[in-house]
Amino acid sequence: MRYRPGEGGRRHAGPLHHSAAVRCTGTIVESQGSGQRVEMQVQQVEVLGDSDPNAYPIQPKKHSLEFLRENAHLRFRTNTYSAIFRIRHQVSFGIHEYFNGKGYNYFHSPIITASDAEGAGEMFRVSTLDAKNPPLNDDGSVNWAADFFGAESRLTVSGQLQAELAALALGKVYTFGPTFRAENSNTARHLAEFWMIEPEAAFMDLHGNMDLAEGLCKHLIARVLQHSADDLEFLDKRMAEEEKQKPQQQRSEMGLIERLKFVLEHPFERITYTDAIDILLRSKPYQKKQFQYPVEWGVDLQSEHERYLVEKHFKKPVIVTGYPAQVKAFYMRMNGPGDFGYTDKGPTVAAMDVLFPGIGEIIGGSQREERLDVLEARMDAMGVPKDQMWWFLDTRRFGTVPHAGFGLGLERFVLFVTGMGNIRDVIPFPRTPKSAEF
RNA sequence: UCCUCGGUAGCUCAGCCGGUUAGAGCACCUGACUGUUAAUCAGGGGGUCGCUGGUUCAAGUCCAGCCCGGGGAGCCA
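Structure below.
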């Protein structure tokens, strides 16, 4: 690109390179070019910061997302990523807007925890001990009492347990912060560091929980449609281009904006786990033996089953409730006769998973077990150490109350609203196994 | 962690059954031309073929191990 001052001028001011920062002075005039209303007739150009085209990795052409991921420090400069991160902002802001509007208090659960009983997955250790020569006990084990916190401590996998404490005081709270899982998960839907929103409300049951979750998703979608129309338009076109490359069968029926509006305008399907199993048993892929994993009451739903329910059978977001107790966490409320989701096929809990097309589980939540004796029995049965959890059990000892909540994965939601395919593309600096650069 | 595909120029890729000096498009540099917007035309520079070892007269190509990435699965948000 060359800059020529004045009309028909030939005086070259030198090359202007891609990504150079310039300050231009000139006159804004009506443009003769197509696709733009105005343009600047430049009288003066000042190069604030040049950019060496032989060294600058981003070129004015279409790059692969994999390549841009490896240049995560520069990828915001592309139109795709700047659109994604503006939308991520709108979603984040909308979360506060939604909960604030409903009288929820933004509650800061701790990032560092010394309890190992949250049961949501492998945890990262936090320590200031010398990794090569830690202080040892007489029996050769590491002396954690000498560590910074005086106990073995880790990064949180969930703020839920603390949010429960707060909900039983403030009534309605939500957390919104980073969460860490040391799982060796290598998928387009998993991060080692991700952001999670966890509302928790006293006197709320499973139905209220479902209403809250659906309301949140729809509020966020509406907000993005309203405030990020240009960026959605861009991503919509981008997705349409990508779809053209795919074989007919794999193409999605709706464009991005069309899909967002569809989800906004239709109620989420609400079914029990038991009904879901029945639907799967009657499904074509089951009868043609196309499912890789078995379908029978008592086993957890696999990705292929969730995808069938959401993408083939209902073709919209689905909330599945009343899972078998054995596949869910200890703090979920046991269903008894008369409770929603109860069945004589086996013990179930008041769990709920919100499943979205293309992504799968975007929200996981439940009504919590508020009865001390039932909760303690569950903890014993599942090997959760009650002594470490005394503070959690105290909520059930001193004025317990029915309550419920859920966890929404921010990045998974942003994945859905941007139409992107890999979760590493909707967080600025993804942390995954073997990767924490930038 | 498992299955699968891949790693060749700055980027996207081709490179046959192992065989001479490893190619193309784009990008970049020089020049020409130009109300352009994926401009065009001519010329030019640019390579540790992921790493290590092995087989062979000869390895980008075959074999083994390792590293990294994509897609799928598990774990989950």
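Quick note: the first sequence uses the numbering used here, first residue 5, plus one each step.
Here a beta-carbon is modelled for each residue, glycine too, at the ideal position from N, C-alpha and C.
Bear in mind the structure is a predicted one, so any value in this text is a computation, not a measurement.
Residues of the same chain with a CB within less than 7 Å of the CB of Phe334, apart from the 5 flanking positions on each side, are Gly123, Arg382, Met383, Met386, Val388 in chain order. Distances from the CA of Met214 to each of Gly125, Asn190, Gly326 were compared; the closest alpha carbon is that of Gly326.
Burial of Ser162 is indicated by the presence of at least 16 other C-beta atoms within 10 angstroms of its C-beta. Around the C-beta of Ala170, 16 or more other C-beta atoms lie within 10 Å, and the residue is accordingly described as buried. Judged by DSSP in its simplified three-state form, Ser119 adopts coil rather than helix or strand.
With distances taken between CA atoms, Lys349 lies nearest to Tyr277 out of His309, His270, Tyr277. Straight through space, the alpha carbons of Val46 and Gln36 are spaced by roughly 15 Å.
Taking each of Phe103, Thr347, Thr160, Gly98 in turn and checking the Cα distance to Ile281, the smallest one comes out for Thr347. The Cβ-Cβ distance between Leu224 and Gly362 does not fall below 7 Å. Asp391 and Phe103 have their C-alpha atoms some 34 Å from each other. Counting along the chain, no alpha helix (DSSP H) covers Ala205; the unbroken beta strand (DSSP E) around it starts and ends at 197 to 206.
In the structure shown, Leu305 falls within a coil segment according to DSSP collapsed to helix, strand and coil. Rounded to the nearest whole angstrom, the C-alpha separation of Arg337 and Pro328 is 11 Å. Cα atoms of Asn188 and Pro437: separation of roughly 6 Å, rounded to the nearest angstrom. Excluding the 5 residues flanking it on each side, Gly411 has same chain C-beta neighbours closer than 8 Å at Ser162, Gln164, Met200, Ile201, Glu202, Ile367, Gly368, Gly369, in chain order. Counting every other CB atom within 10 Å of its CB across the protein chains shown gives Thr179 a total of 16 or more, marking it as buried.
Spanning the alpha carbons of Val228 and His194 requires a straight line of approximately 23 Å. Along the length of the stretch 205 to 269, whole alpha helix (DSSP H) runs at least 4 residues long occupy 210 to 231, 233 to 249, 260 to 269, reported in chain order. The stretch 84 to 100 makes no contact with the stretch 142 to 157; the number of CB pairs closer than 8 Å stays below 3.
Linking Ala196 to Cys28 through their CA atoms gives a straight-line distance of about 43 Å.
By the Cβ test, the stretch 126 to 139 is not in contact with the stretch 230 to 248, since fewer than three Cβ pairs between them sit closer than 8 Å. In this structure, Val418 sits near Val430, with a CB-CB distance shorter than 7 Å.
Judged by DSSP secondary structure, Leu313 falls outside any beta strand (DSSP E); it is assigned neither H nor E.
A distance below 6 Å between beta-carbons, with the five flanking residues on each side excluded, links Val358 to the following residues of its chain, in chain order: Ala217, Ile323, Ile366, Ile367. For Glu74 and Asp279, the gap between their C-alpha atoms comes out near 44 Å. Annotation for Arg41: Glu34, Ser35 place their beta carbon closer than 8 Å to its own, counting only its chain and skipping 5 residues before and after.
For Met383, no beta strand (DSSP E) segment is defined; the enclosing uninterrupted segment is the alpha helix (DSSP H) at 376 to 386. Counting every other CB atom within 10 Å of its CB across the protein chains shown gives Ala25 a total below 16, marking it as exposed. Inter-residue distance for Ile32 and Phe433 is about 38 Å (C-alpha atoms, whole angstroms).
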